[in-house]
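Student: Dropping the structure in here first, questions after.
In the numbering used here, the protein residues as written are 1 to 303.
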């Protein structure tokens, strides 16, 4: 299970502790540091994904911390959060690699949104680093005389284009893959649904979260995803009613029911209303990913 590793750095102890508590209430655990020196020690012990950093601190100030962190741990995304900054300092912070520059006071929801965006960039950095490492290992193997065996392995790999598929048809089938899948997860169990969305993001599937049926319907008015993964048992507008309204208003949207409390009668009703599939918790993440991809392909084929 992947969670954001967050480090909050500010010499105002009461402020940073209160911020950490607000993050915890939103299921984002965090460590705190009350000085630049302490922050650098914590980063050496375990580099976070994201750091929220004040500028004005005694000793090693925020700008020095930012410079050191980006030099030694470029994956760490640093958000400057200060009440005393200037335009010149913002320019310098961005030059040194700050992900974002925010002025106090900052709304907790806005800060959390920025933290999540920074975390996604940190994950992409990890992925890109791994791919670069793989390329380096391949080059090294070739340089050491492994070219013949690697060529044989390449010949064993399936060809990217089937010979029995007409070129026009193949172009039609592969074109939609250019746009990443988008998924809306709807579940009133916040910890579960946010973890699920984070795991999808790691698989390069864009995810949004709604914690109620009403919120889901409101979000659909703004943007329609490729796929919705929907719980049944929720307070207020339940999943079956959401499914009914969605298939009436947005018939092209594929809906996967994923519930821990459903019955055979519920499954029959959901399929009658147009659900793409009906899954029972707990669901293996790879099985869910495969079902989402199939639903996304069906959605795009219908476009």
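No residue lacks a Cβ here, since even glycine has one placed at the ideal position from N, Cα and C.
Just to confirm, are residue 209 and residue 185 a CB contact at a threshold of 7 Å?
Tutor: Cβ distance < 7 Å, so residue 209 and residue 185 count as in contact.
Student: Secondary structure at residue 262, three-state DSSP: helix, strand or coil?
Tutor: It is coil, neither helix nor strand.
Student: In terms of DSSP beta bridges, what is residue 210 paired with?
Tutor: According to DSSP, which records beta bridges pairwise, residue 210 is partnered with 186.
Student: What is the DSSP secondary structure of residue 61, counted as helix, strand or coil?
Tutor: Looking at residue 61 - three-state DSSP - the assignment turns out to be coil, as it is neither helix nor strand.
Student: Could you pull the start and end residues of the alpha helix (DSSP H) that residue 295 belongs to?
Tutor: Element bounds for residue 295: 285 to 302.
Student: Around the Cβ of residue 85, are there at least 16 other Cβ atoms within 10 angstroms (buried) or fewer (exposed)?
Tutor: Its Cβ being crowded by 16 or more others within 10 Å, residue 85 is buried.
Student: Looking at C-alpha atoms only, which residue of 254, 289 and 122 is the closest neighbour of residue 200?
Tutor: Residue 200 has its Cα closest to that of 289, out of 254, 289 and 122.
Student: Taking 8 Å as the limit between beta carbons, can you name the residues of its chain near residue 281, skipping five residues before and five after?
Tutor: So the list reads 258, 259 and 260, once near-sequence residues are dropped.
Student: Is residue 60 closer than 7 Å to residue 87 when the C-beta atoms are compared?
Tutor: Against a cut-off of 7 Å, the Cβ pair of residue 60 and residue 87 comes out as no contact.
Student: How far does the beta strand (DSSP E) with residue 369 in it extend, from its first residue to its last?
Tutor: What the structure shows of the chain is the stretch from 1 to 303, and residue 369 is not part of that stretch, so it cannot be assessed.
Student: Assuming residue 6 contacts residue 39 (C-beta within less than 8 Å), just tell me the rounded distance between them.
Tutor: Not quite, the Cβ-Cβ distance comes to about 12 Å (not below 8 Å), so this is no contact.
Student: Is it right to say residue 198 is buried, meaning 16 or more other beta carbons lie within 10 angstroms of its own, or is it exposed?
Tutor: Buried, since its Cβ has 16 or more Cβ neighbours within 10 Å.
Student: With a threshold of 8 Å on Cβ separation, who are the neighbours of residue 293 within its own chain once the five nearest residues in sequence on each side are excluded?
Tutor: Result list for residue 293: 181, in chain order.
Student: Sort 276, 287, 284 and 303 by Cα distance to residue 295 and report the nearest one.
Tutor: Residue 276 is the option with its Cα nearest to residue 295.
Student: Within 10 Å of its beta-carbon, does residue 48 have 16 or more other beta-carbons around it, so buried, or fewer, so exposed?
Tutor: Result: buried.
Student: Note the first and the last residue of the continuous alpha helix (DSSP H) segment covering residue 95.
Tutor: Start and end: 87 to 96.
Student: Can you tell me the Cα-Cα spacing of residue 30 and residue 54, whole angstroms?
Tutor: Those two C-alpha atoms are separated by around 15 Å.
Student: For my contact list, residue 78 and residue 66 are in at a C-beta cut-off of 8 Å; report their separation, rounded to the angstrom.
Tutor: So it is a contact: roughly 5 Å between Cβ atoms.
Student: If contacts are defined as beta-carbon pairs under 8 Å, then residue 213 and residue 247 qualify, I think. What distance do you get, rounded to the angstrom?
Tutor: Rounded, the Cβ-Cβ distance is 14 Å, inconsistent with contact.
Student: In the DSSP assignment, what are the bridge partners of residue 278?
Tutor: Beta-bridge pairing links residue 278 to 257.
Student: Which of the three DSSP states is assigned to residue 7 in this structure?
Tutor: Note: residue 7 maps to strand in three-state DSSP.
Student: Grab me the residues of residue 268's own chain with a C-beta within less than 8 Å of its C-beta, minus the 5 sequence neighbours each way, in chain order.
Tutor: Excluding positions up to five away in sequence, the list is empty.
Student: Can you grab the Cα-Cα spacing for the pair residue 118 / residue 74, in whole Å?
Tutor: When rounded, the distance between both Cα atoms is 13 Å.
Student: Can residue 81 and residue 102 be called in contact, C-beta distance under 7 Å?
Tutor: Yes, they are a contact pair.
Student: Residue 234 by DSSP, collapsed to three states: which one?
Tutor: Residue state, collapsed to three classes: coil.
Student: In the DSSP assignment, the beta strand (DSSP E) including residue 25 goes from what residue to what residue?
Tutor: From DSSP, residue 25 is part of no beta strand (DSSP E) but of the alpha helix (DSSP H) over 13 to 25.
Student: Short of 7 Å in beta carbon distance, which residues of its chain neighbour residue 196, apart from the five on each side in sequence? Order them along the chain.
Tutor: Here the set comprises 185.
Student: Beta carbon of residue 252, beta carbon of residue 302: below 7 Å?
Tutor: The answer is yes: Cβ separation under 7 Å.
Student: Apart from the five residues on each side of it in sequence, which residues of its chain come closer than 6 Å, Cβ to Cβ, to residue 153?
Tutor: Residue confidence is low: residue 153 scores 47 on pLDDT, short of 50, so the model does not pin down where it sits. Its coordinate-derived value is still stated next. Excluding residues within five positions, none has a Cβ falling inside 6 Å.
Student: Count the other C-beta atoms from every protein chain shown that fall within 10 angstroms of the C-beta of residue 25, then say buried if there are 16 or more, exposed otherwise.
Tutor: Burial call: exposed.
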